[in-house]
Amino acid sequence: MSDKMRFLRLACSFCLASALWLAGQDPAFARMVTRPVSWTQDGVRFDSVLVYDDSVSGHRPGLVMVPNWHGVNAIAIDKARMIAGHRYVILLTDVYGASVRPADDAQAQAAVKPLMADRALLRGRMARALAELRAQAASAPIDLSRLAAIGFCFGGTAVLDLARSGADLGAVVSFHGDLATDDPALARGIRASVLVMNGADDQWTMPDVPAFLREMGQTPTAWQFVAIGHAVHCFTETEATTPNGPCRYDAGAAEQSYALMRGWLATHLAGAPR
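Those letters in the sequence shown? Residues -30 to -1, 1 to 244, per mature numbering (1 follows the signal peptide of the UniProt record, and there is no 0), in order.
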């Protein structure tokens, strides 16, 4: 074999090895599954989305994820893909029903109103979503021993209510969610380890912090409340771009909160990837 042929063969081998390595390391090479998952509860159909990277092997933690009050849409799916990466399988959860897809803040406010008024209804819908995540383990790489829930804004409220319901979860993480509850005594039955992160300058949620801290003082599990300095409401929501608005994306706060989330899940879901 000529020196030229040996060089070309070596170069091709190097390129193949590099490509295989990148496929496992670079999100650009990921094979992200976004599979519809639907169910019916009390006569209402719910359309959710299962999200995970199919380019990596092995079972991984399963997360129920509830987006902000705009519900399941393209922005929420992109966010679920980003968070899932190679670490998690995410069930991006519809809690409104398939016929409700808010197009603006006014419609979103109308969508959340009945659920905020009937927290038992919200808890019931969240319990069903968790059951559906468990069911997906039959066809997706979910480790049923490592389950958690995460939520954003209204979704943060939803996952906190799931924790308050006594759901069998390893961890719950709320990002800039509403902290109020209809029944503070429910905290005594929390089984999940709870991480709550809100902006220190969030004019809507920070007034409820003292009552929330008293409530969480009753829970027997690990919990933590983090006030992120200089952040306001919506700090992880990339679409919240109004300058100096009370609901505003903050790249630094978002990065910090995602790192805290990953650390919390790695600690409280045994063996979860960092």
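C-beta: ideal position from N, C-alpha, C; glycine also.
field: Validate contact between the segment 58 to 67 and the segment 138 to 157 using beta carbons, cut 8 Å, 3 pairs
entry: With the cut-off at 8 Å, the segment 58 to 67 and the segment 138 to 157 do not touch.
message: Could you tell me the alpha carbon to alpha carbon distance between Arg232 and Leu239, rounded to whole angstroms?
response: For Arg232 and Leu239, the distance between alpha carbons rounds to 10 Å.
task: Go through its chain and collect everything with a Cβ distance to Asp24's Cβ below 6 Å, but skip five positions before and after it.
output: Result list for Asp24: Arg1, Val3, in chain order.
task: Please state whether DSSP places Trp234 in a helix, a strand or coil.
output: It is helical.
query: Can you name the start and end residues of the alpha helix (DSSP H) that Pro6 belongs to?
result: It is not in any alpha helix (DSSP H) - Pro6 instead sits in the beta strand (DSSP E) that spans 2 to 11.
message: I need the boundaries of the beta strand (DSSP E) containing Asp138, first residue and last residue.
response: Looking at the DSSP string, Asp138 is not in any beta strand (DSSP E), and its letter there is neither H nor E.
query: Going by Cα to Cα distance, which pick from Ala46, Ser18, Thr127, Pro190 is closest to Glu209?
result: Nearest option by C-alpha distance: Ala46.
- prompt: Hey, out of Asp48, Arg158, Ser109, whose CA is closest to Gly28's CA?
  reply: Among Asp48, Arg158, Ser109, the Cα nearest to that of Gly28 is on Ser109.
query: From the DSSP output, which residues share a beta bridge with Leu62?
result: Val19, Met35.
field: Cut-off 6 Å between Cβ atoms - residues of its own chain near Leu149, not counting five sequence neighbours on either side
entry: Listed in chain order, the non-local C-beta contacts of Leu149 below 6 Å within the same chain comprise Thr175, Asp178, Phe182, local neighbours out to five positions each way being set aside.
message: Within a Cβ cutoff of 8 Å, which residues of the same chain sit near Trp(-10), ignoring the five residues on either side of it in sequence?
response: Because the pLDDT of Trp(-10) is 37, which lies under 50, any placement of that residue in the model is unreliable, and the number read from its coordinates should be weighed accordingly. Counting only Cβ-Cβ distances below 8 Å, and skipping sequence neighbours, we find nothing.
message: Contact between the segment 86 to 95 and the segment 36 to 50 is defined here as three or more beta-carbon pairs at a separation below 8 Å; is this criterion met?
response: A contact between stretches requires three or more CB pairs, one per stretch, nearer than 8 Å, and the segment 86 to 95 fails this requirement with the segment 36 to 50.
field: CA nearest to the CA of Ala50, picked from Glu185, Arg93, Ser135, Phe122
entry: When only C-alpha atoms are compared, the closest one is Phe122.
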